[in-house]
Each structure stands twice: as structure tokens, then as C-alpha cells.
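Inspection log for the structure reproduced underneath, given as C-alpha cells.
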Amino acid sequence: MSAVVDGSRGGRSARGLALALALIAAPGCRSCQHADEAGPQVVEETAVPAPADLVADVIVASPNTSWTKLQRGIGGTIGLLPPSFASAAVLALGLDPVLASEIDATTPGFGALAGDPASPSWAFAVRASDPRHARAVLAGGDTARYETREVEGLLELVPKAPDGGARPAPVLGLTKGGFVVLASSSAALAALGPYVSRTLAKRPLPAASALVVDVARETIRAVLAPRAEAAWAEQKKTLLASDEAMRRAHGGREPDFGDPKAIVDALDRTLGDRIALLGDVDHARLSVEIGDDDVRAAMTLTPGREPGPASKWVTDMVGGDVSSVLAMPSSAVIAGAIRGAAIEDAGADPAALVLGAFGGRLKGEGDKRVRDAVSDWSRARGDALAFAASWDPPRGLFVRAAVRDREAAMRAMRATVDVAAAPPLDEMLRVKSVRVSGEDVAPVGKVTLATFVRAPDPGTMRPRARRHGEAGAPEAPTSTVGVAWGLEGEAFVVAAGAEPIVSLRTMAKPEKRLADEPAVVRALAAADAIETALVVQPFKLDERRAPLPSAPVAVTLGRQGGDAVLRISAAHALLREVGRLQVTP
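Structure below.
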């Protein structure tokens with residue numbers, strides 16, 4: 035900038051300004067001395083190796099932008115917090131409010147977790163708005179709030195505590211490279227501070243994600259997988275010990291229903307496979323995006339390079355689209371689809387699993403019915419199944435499944451009804467009788483209807499109704515529930531509920547589908563080659579909120595290239611309601 039000064043008054047002003055500048059720049063001036071002591075604004079620092087016990091890297095691409103979107107979208111209690119990420123973080127962590135003005139939250143932040151994954155140490159670095167000013171304000175003089183000490187090439191700021199009180203956590207540090215570092219402890223600041231500010235901060239930023247968490251390979255294989263295995267082993271031990279205690283209390287008699295040993299054995303096979311799969315994962319990345327209407331998270335699992343359980347799992351995934359879910363009624367509280375390996379049998383002998391779960395009580399004809407039903411289901415089973423549950427009256431469940439053998443599917447359903455109406459399930463389900471009839475239902479055509487007449491629940495009966503033989507005692511009312519099934523083109527369809535025919539008619543071809551809900555379509559838009567999809571609409575459970583626009587949670591699992599990807603999307607409106615419930619007494 036330049037100026038032209040004319041006249042005697044202007045000349046005197048110009049000379050005065052030049053004199054002032056000369057005095058400021060003169061040797062020995064306090065301002066210049068302070069600047070010299072402070073040194074340059076930023077020093078280029080060399081990278082350091084990752085900590086040996088690193089659990090995960092964390093990158094927040096644009097803290098302020100993400101926080102603004104979250105506040106604008108969710109509102110509620112989050113909307114009452116400070117409008118900047120730095121101010122909100124300082125408030126949440128109980129730090130000195132002055133620190134907020136020294137942090138540049140328009141630039142990326144970098145963090146790391148290390149040590150015990152259940153209770154990790156951590157550090158997070160974000161650039162200072164003006165490193166020299168931050169040091170001067172926080173630790174530059176007699177009135178400064180902090181004392182300083184050198185720790186692993188950075189400056190730890192130790193709060194002055196005249197009363198000798200304990201130092202608050204987290205701890206604070208400043209680096210020569212211009213970063214403010216927060217850490218869970220002094221040890222974490224020394225161990226992780228140089229890594230997040232000098233190494234992680236130099237890596238390329240991930241594209242289009244507000245938050246990225248990269249889990250280290252060795253953490254998955256050496257820590258997470260063994261811990262999952264140990265946790266299940268302990269839980270299995272507890273379940274079996276409880277079963278043994280119950281058997282001893284009943285003279286060694288087997289359970290009437292649901293033999294825990296058989297169920298635990300089945301879970302052991304399934305969870306054992308999943309834990310082995312986790313141990314074969316080479317890399318895991320969690321990415322979070324904050325949109326205008328929802329928050330979307332994606333967990334990407336990359337199998338190891340050598341063939342193993344994880345690579346086989348990904349290779350065996352049968353991908354497809356989400357059209358079968360979007361075809362379900364918009365009133366559905368929950369709707370989903372599974373395909374391929376996700377609907378395969380849980381064990382080598384599913385009939386033995388079912389029979390074992392009943393503790394040997396299914397014998398003779400009951401044993402045969404179960405084996406016949408399981409055999410027909412195995413013969414009929416296709417590679418895709420979709421389902422939905424509606425909360426609107428009449429409440430019901432609907433399933434549409436691809437089948438390889440249409441007649442086997444019809445037989446299997448009838449055999450399942452026979453099993454439910456015979457001992458010992460009839461007692462557990464309070465089935466007094468069952469009526470089977472044929473119906474003609476559009477758009478399906480001919481269907482079979484099984485109506486179960488159920489005895490009242492003893493826990494809800496009036497006292498006089500429980501007294502058998504008493505003159506004038508009112509007879510407790512019975513209730514009915516039904517199942518209707520048939521063939522819709524090449525698909526097998528089933529509806530269950532108080533009025534299964536109505537549920538079948540309205541859910542097989544609904545007037546309004548999930549495809550008509552923009553929020554649901556958006557939530558599933560990123561899903562491609564999916565194996566499993568699930569949409570939950572909690573507001574549909576409340577008749578006051580049911581007419582409102584959809585606010586879904588959507589979950590999909592599928593394959594993308596050679597990786598498995600689990601995606602979760604939650605509407606802002608739903609997160610806002612969850613936040614409201616958290617603060618409501």
C-alpha cells in the first residue's frame with residue numbers, strides 16, 4: 035500500500051509515523067525482543083515412526099464445516115452448543131476457554147489411539163491460528179495460565195495450580211510445526227503428539243469424508259480378534275454353567291424348551307467362524323459423512339492378501355440391488371432383504387440343531403415332522419429373501435422369498451404349521467386348535483390359511499376365570515393368530531398376524547412403497563452389490579409421528595471390489611429425537 039502526503043501537516047504526520055516505526059524497529063525494543071525469542075512462526079519437522087501399540091489413526095477433514103452441518107441438521111441440544119468446533123470441544127473437555135480462539139478448526143485435525151483398545155490413550159492435533167500468539171497468550175509471561183516444559187520435541191503446557199491441586203485432563207501441548215495438541219495424559223502427549231503432528235498430518239487427506247478412522251492391521255489380528263475370542267469363551271462358559279446349575283436344581287432334568295447346550299453349540303460354530311474371519315482382516319477403515327439430511331458411516335474391511343476366511347467371505351457374497359426392500363410398504367417399521375450366503379444353513383445338520391434345541395422332547399412323529407420340514411425348506415430355499423413388519427392395524431409380518439422348488443416350499447410351510455400345533459410347541463404357544471383352509475387373495479391368487487386358536491395367557495386372566503369348576507365363573511376369552519402363504523409368480527409369499535389375509539393383500543402390493551419415501555431412497559442410494567439390507571423407521575411405532583416424513587436408519591452389507599463394506603445411515607430427525615430423549619428427565 036502507498037500514500038502521497040502533501041502539505042506541512044501531512045509532512046509532520048509522515049515524519050512522525052516514520053519515527054515511530056524506527057523506534058519500534060530499533061535494537062533493544064521489547065516487542066522485537068519478544069519476537070526474536072518466539073522464533074519463526076512454523077518450523078518444518080521430520081516425520082516419526084508410528085507407535086508400536088497404535089490402535090487407530092483419526093482424521094477430521096474439516097472440523098468446523100462438519101460441526102456446522104451437524105448443528106444445522108440435528109439442532110436440539112446440539113444446536114445450543116457453541117457454533118464453532120473449537121469452542122464446543124473446549125467446553126466439552128473442560129479446557130481453558132481462551133484456547134478456543136487459538137485453534138484454527140477450518141483446517142484438518144489429526145488424532146491417534148494407542149494401547150488398550152478398551153481404554154486407549156489418545157492425542158489430537160489441530161493447527162494453531164497463530165502459533166506465536168498462542169504461545170504468548172498461553173505461556174508467555176507472568177500472567178500466563180500455563181508453565182512450559184519440553185517433551186519429545188514439543189512444548190507441554192502445564193496449568194499453574196497455586197493450591198497444589200491435581201492437573202486436569204486432557205493435557206495440552208504446542209509444536210514447532212504450528213500445531214496445538216490435546217492428549218489424554220502427559221505420557222500420551224509424549225508418545226503420540228509427535229506422530230499425529232509430524233507424520234499423520236503429512237498424509238493425503240481422504241476424499242469426501244468428514245471423519246476417517248483407520249484401524250491398524252496388528253491391532254485387528256493381535257488385539258481385537260483374540261479379545262473377541264476370549265469374550266465369547268467367557269460368555270459361553272457362563273451360559274453353560276448357568277445351564278448346569280438349572281439342571282441340578284431340577285434333579286438333572288433336561289430343559290422343556292430351548293436346550294442351552296444345543297443353542298450354544300450352534301452359536302459357537304457361527305461366532306467361531308466370524309472371529310476367524312476378523313483375524314484374517316488386513317485393514318479396517320471407518321468413514322463418516324455428514325449430509326444435509328443424514329449422517330452416513332461406512333466400515334470397509336479389506337481381507338489379507340493370502341487366501342483365508344475373510345477373502346472367502348467377501349468372494350462368496352452374492353451382490354444385488356435394494357429393489358426388493360424398496361418394494362415393501364412405506365408403513366413398515368422394519369424391512370429388509372438377505373441373499374446368498376447370508377441365508378445358508380447355520381450348521382451341517384439344521385434338523386439336528388432344531389431337535390437338539392428342544393432337549394429331546396420332539397420324538398416319534400414330532401421328530402419326523404421337523405426333519406421333513408427342514409428337508410423341504412433346504413430343497414426349496416432360493417438365494418434371496420425380503421421381509422417387512424407393519425405396525426399399522428392390522429399389524430403383520432410379510433415375507434417374499436425366491437424358491438428353487440415351489441412345491442417343496444408349500445409342503446415345508448404346511449409341515450411347519452403342523453409342528454407348531456403339536457407337542458411340545460402347542461403348549462409353549464398356547465395353541466388349542468388349528469384350522470386350515472384355502473382362500474383366493476389378489477394379487478397372489480390361491481393361498482393357504484392356517485388359523486391358530488390360542489388359550490389366554492394365564493398372567494392376564496381375571497382371578498375368577500382361573501378357578502375351574504366354580505359355578506358362574508366366566509370363561510376366559512381365546513384369541514386367534516394366523517399364517518397365510520402361497521405363490522406369487524416365481525416367489526413364495528407368507529403373511530402372519532391377527533389378520534394374515536389382509537396383511538398379505540396390502541403388503542404384497544402396497545399402495546405406497548418405501549420407494550416413494552425420498553429419505554429411504556437416499557439412505558440406500560450408496561448401496562451397490564449388497565448382500566444384506568435393513569431399513570428401520572422408529573417413528574412408525576408412534577401414531578402421532580407416523581404421518582411425518584420418514585426418518586429411517588438404513589444398514590447395508592455388501593461387496594465393493596475386493597472389500598466388504600458395512601454402511602449405516604441415520605436421518606437427522608431421528609438423531610435429534612434421540613438427543614432430546616437423552617436430556618429429558
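Numbering (the working numbering), first residue to last: 35 to 619.
Ideal Cβ placement from N, Cα and C applies to all residues, glycine included.
Quick caveat, the model's predicted, so the values are computed rather than measured.
Inset, instruction - Could you tell me the distance, in whole angstroms, from the CA atom of PRO337 to the CA atom of GLY596? - result: Distance between the alpha carbons of PRO337 and GLY596: 8 Å.
Inset, instruction - Can you grab the Cα-Cα spacing for the pair LEU88 / LEU591, in whole Å? - result: So the alpha carbons of these two residues sit roughly 27 Å apart.
Legend entry - Secondary structure of GLY50, DSSP reduced to three states: Its pLDDT being 40, under 50, GLY50 is placed unreliably by the model, and nothing is read from it.
Inset, instruction - May I have the straight-line CA-CA distance separating ARG483 from GLU522, to the nearest angstrom? - result: According to the sequence shown, residue 483 is Leu rather than Arg. Going by the C-alpha atoms only, they are around 15 Å apart.
Legend entry - Every unbroken alpha helix (DSSP H) within the region 177 to 253, with a cutoff of 4 residues, ordered by chain: The region 177 to 253 contains these whole alpha helix (DSSP H) runs: 220 to 232.
Inset, instruction - Pull up the distance between the alpha-carbon of GLY342 and that of VAL249, whole angstroms please. - result: Those two C-alpha atoms are separated by around 20 Å.
Legend entry - Reference SER153; option with closest CA among VAL555, ILE372, LEU258, ASP401: Ranked by Cα distance from SER153, the options VAL555, ILE372, LEU258, ASP401 are led by LEU258.
Inset, instruction - Along the alpha helix (DSSP H) that carries TRP347, what are the first and last residues, could you check? - result: In the DSSP annotation of this structure, the continuous segment of the alpha helix (DSSP H) that includes TRP347 starts and ends at 343 to 350.
Inset, instruction - Tell me whether GLN594 sits in a helix, a strand or coil according to DSSP, three-state version. - result: The answer is strand: DSSP assigns GLN594 an E or B state.
Inset, instruction - Using DSSP bridges, identify the partner residues of ALA318. - result: BP columns for ALA318 point to VAL249, LEU335.
Legend entry - Beta-carbon proximity check, ALA588 vs ALA557, cutoff 8 Å: With contacts defined as CB atoms closer than 8 Å, ALA588 and ALA557 qualify as a contacting pair.
Inset, instruction - Report yes or no: do the region 412 to 426 and the region 353 to 363 share at least 3 C-beta pairs separated by less than 8 Å? - result: Segment contact: the region 412 to 426 against the region 353 to 363, three or more CB-CB distances shorter than 8 Å; contact assigned.
Inset, instruction - Ignore the nearest five residues each way along the sequence and tell me which others in ALA56's own chain have a CB closer than 7 Å to its CB. - result: Because ALA56 sits at a pLDDT of 35, beneath the cut-off of 50, its placement in the model cannot be relied upon, and the following sentence gives the value as read from the coordinates. Excluding five sequence positions before and after ALA56, none of the CB atoms of its chain fall closer than 7 Å to its own CB.
Inset, instruction - Report buried or exposed for LYS480, applying the criterion of at least 16 other Cβ atoms within 10 angstroms of its Cβ. - result: By the neighbour-count criterion, in which a residue is buried when 16 or more other Cβ atoms sit within 10 angstroms of its Cβ, LYS480 is exposed.
Inset, instruction - Use the C-beta contact count for GLU340: other C-beta atoms within 10 angstroms, 16 or more gives buried, fewer gives exposed. - result: Exposed is the label assigned to GLU340, since fewer than 16 other Cβ atoms lie within 10 Å of its Cβ.
Inset, instruction - Note down the Cα distance separating GLY516 from VAL528, rounded to an integer number of angstroms. - result: Roughly 11 Å separates the two Cα atoms.
Inset, instruction - Could you tell me how far apart the beta carbons of SER243 and VAL132 are, in whole angstroms, since I believe they sit closer than 8 Å? - result: A Cβ-Cβ distance of about 31 Å is found for the pair SER243 and VAL132, leaving them out of contact under the 8 Å criterion.
Inset, instruction - Specify, as a first and last residue, the run of the beta strand (DSSP E) that GLU473 falls within. - result: For GLU473, the uninterrupted beta strand (DSSP E) run begins and ends at 465 to 475, by DSSP.
Legend entry - Whole-number beta carbon distance between LEU172 and LEU191, since they are thought to touch under 8 Å: About 6 Å separates the two Cβ atoms, so the contact holds.
Legend entry - Buried versus exposed, by CB contacts within 10 Å (16 or more), VAL77: Counting the other CB atoms within 10 Å of its CB gives VAL77 a total below 16, which places it among the exposed residues.
Inset, instruction - Within 10 angstroms of the Cβ of PRO492, are there 16 or more other Cβ atoms? Answer buried if so, exposed if not. - result: That one is exposed.
Inset, instruction - Inspect the beta-carbon positions of PHE158 and GLY149 and report whether they are closer than 8 Å. - result: Not in contact: PHE158 and GLY149 (Cβ atoms no closer than 8 Å).
Inset, instruction - Report yes or no: do the region 272 to 285 and the region 314 to 332 share at least 3 C-beta pairs separated by less than 8 Å? - result: They do not touch, by the three-pair rule.
Legend entry - Identity of the residue in ILE535, THR485, ALA95, GLY374 nearest LYS466 by Cα: Among ILE535, THR485, ALA95, GLY374, the Cα nearest to that of LYS466 is on THR485.
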